[in-house]
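Residue 66 in the numbering used here is what sits at position 41 of the sequence shown, and the numbering runs on without skipping anything. Inspection log for the structure reproduced underneath, given as structure tokens.
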Amino acid sequence: WLWLTVSSARLCYGFFTWIGLRRIGIVLATISVSAMIYGATWGRQALRVEEVEICSERIPEGFDGYRIALFSDLHLGALVNTKKEVGQLVSAINRNRPDVVLFGGDLVNIRHSELDSMATRLLQGIAAPVYSIIGNHDVGTYISDSVALPFEVSYRRLVEQQQAMGWCVLQDTTCYLKRGTDSISLSGFAYNPHFKEERHDRDLPMSGVEEGYRDVPTSLYNITLIHVPQHWDEIIARGYGDLTLSGHTHAMQCKLRLGKGRGISPARLIYPRWSGRYDEGRHTLYITDGIGYVAYPMRIGARPELTLITLKRCE
């Protein structure tokens, strides 16, 4: 973090001094250092609660007003202050009293052991039922010593640890949420570890889709939980994903907000859909900016996000 802060400031100062605009270089270097310090202190832990309303005639009456809390990309092993950052997340979830909590993957950063006893105790404090999926950091392919800890072992243990917490881990499968006499389907897909290098590709192949949607009636309102948003086109082409929920991008932990729009981020250069809400016909995709961070412990503009989604039946 310190190297990145100093390097960005030196780059600004050096370039503008080279072209004869030294004072501008000083100003921009100062702004750069200030932004980095802000992102590494307040920005990375300033939890933002985003409220979203999804309106559809396909939502059954029993689920009118149903509240979903969505969070993703916790990256436990990279958090600077696990107790504080996870604690405030759990408090915010419980304070808003959702009917269900959905987790969009990347619980850990490298290995299963990052979900230690303290993190487990904090996350067990979530009052509502939790359904989760596996993200690209959860599958263990970033482990450097894969002889001492094979990625398959880390993957399996992380699933078992979540199940021990009482979480339902969806791995290319569908379950059914019931309210009164009404039901909706909830499908969840795990990230395929064989696609480690393709995780940012626009045309990332989707695996497990046949198994995950097997015998799921398209007449039911369907929520699909998937870590990477690149799969949305295939999901809706199959007639599912009335609401698709995703994470993964973090808005690259850097976003300039302009009014109420999704803002400007380097993520726009990589992902066709990278943050917030997207609508296509009866289908909606929502990409949360996530909670944690990778590569550098800061968030500039792209604050950690807890999303509260309310389903509304409407004509």
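Ideal placement from N, C-alpha and C gives every residue a C-beta, glycine not left out. Because the structure is a prediction, the values reported are computed rather than measured.
Item, Value
"Check the DSSP bridge columns for Thr269 and list the partner residues they point to.", "Thr249 and Leu310"
"Under three-state DSSP, which class holds Ile118?", "helix"
"In this structure, how does DSSP classify Ile159 when only helix, strand and coil are distinguished?", "coil"
"Do Leu331 and Leu114 have their C-beta atoms closer together than 9 Å?", "yes"
"Quick one: measure Cβ to Cβ for Leu333 and Ala94, integer angstroms, because I've assumed they're closer than 8 Å.", "6 Å"
"Quick check: the region 293-307 against the region 40-48, are there 3 or more CB pairs under 8 Å?", "no"
"When the distance is taken between beta carbons, is Leu268 closer than 9 Å to Tyr156?", "no"
"Looking at the secondary structure, which residues open and close the alpha helix (DSSP H) in which Gly315 lies?", "Taken as a continuous stretch (DSSP letters only), Gly315 belongs to no alpha helix (DSSP H), as it is neither H nor E."
"I believe Ser24 touches Thr199 by the beta-carbon criterion, under 8 Å. Please report the beta-carbon distance rounded to the nearest angstrom.", "Look at the range of the chain in this structure, 26 to 340, and you will see that residue 24 is not part of it."
"Excluding the five sequence neighbours on either side, which residues of its own chain have a C-beta within less than 6 Å of the C-beta of Glu75, listed in chain order?", "Glu330 and Thr332"
"Ordered along the chain, which non-local residues of its own chain (more than five positions away) have a Cβ less than 7 Å from that of Glu343?", "Here the chain has residues from 26 to 340 only, and residue 343 is not among them."
"Taking His225 as the reference, which of His252, Gly213 and Glu86 has the closest Cα?", "His252"
"Would Asp131 and Gly272 qualify as a contact pair, given that the criterion is a beta-carbon distance under 9 Å?", "yes"
"Are the Cβ atoms of Ala262 and Ala276 separated by less than 9 Å?", "no"
"Buried or exposed: Gly160, going by 16 or more other Cβ atoms within 10 Å of its Cβ?", "buried"
"Going by Cα to Cα distance, which pick from Asp89, Tyr265 and Leu36 is closest to Thr206?", "Asp89"
"Between the beta-carbon of Arg328 and the beta-carbon of Asp314, is there less than 9 Å?", "yes"
"Applying the criterion that 16 or more other CB atoms from any shown protein chain within 10 Å of the CB defines a buried residue, is Met363 buried or exposed?", "No information on residue 363 is available, as it lies outside the stretch 26 to 340 that the chain covers here."
"What does DSSP give as the partner residue(s) for Ile289 in the beta ladder?", "Leu281"
"Give the DSSP-derived three-state secondary structure of Glu82 in the structure shown.", "coil"
"List the endpoints of the continuous beta strand (DSSP E) containing Thr332.", "Glu330 to Arg338"
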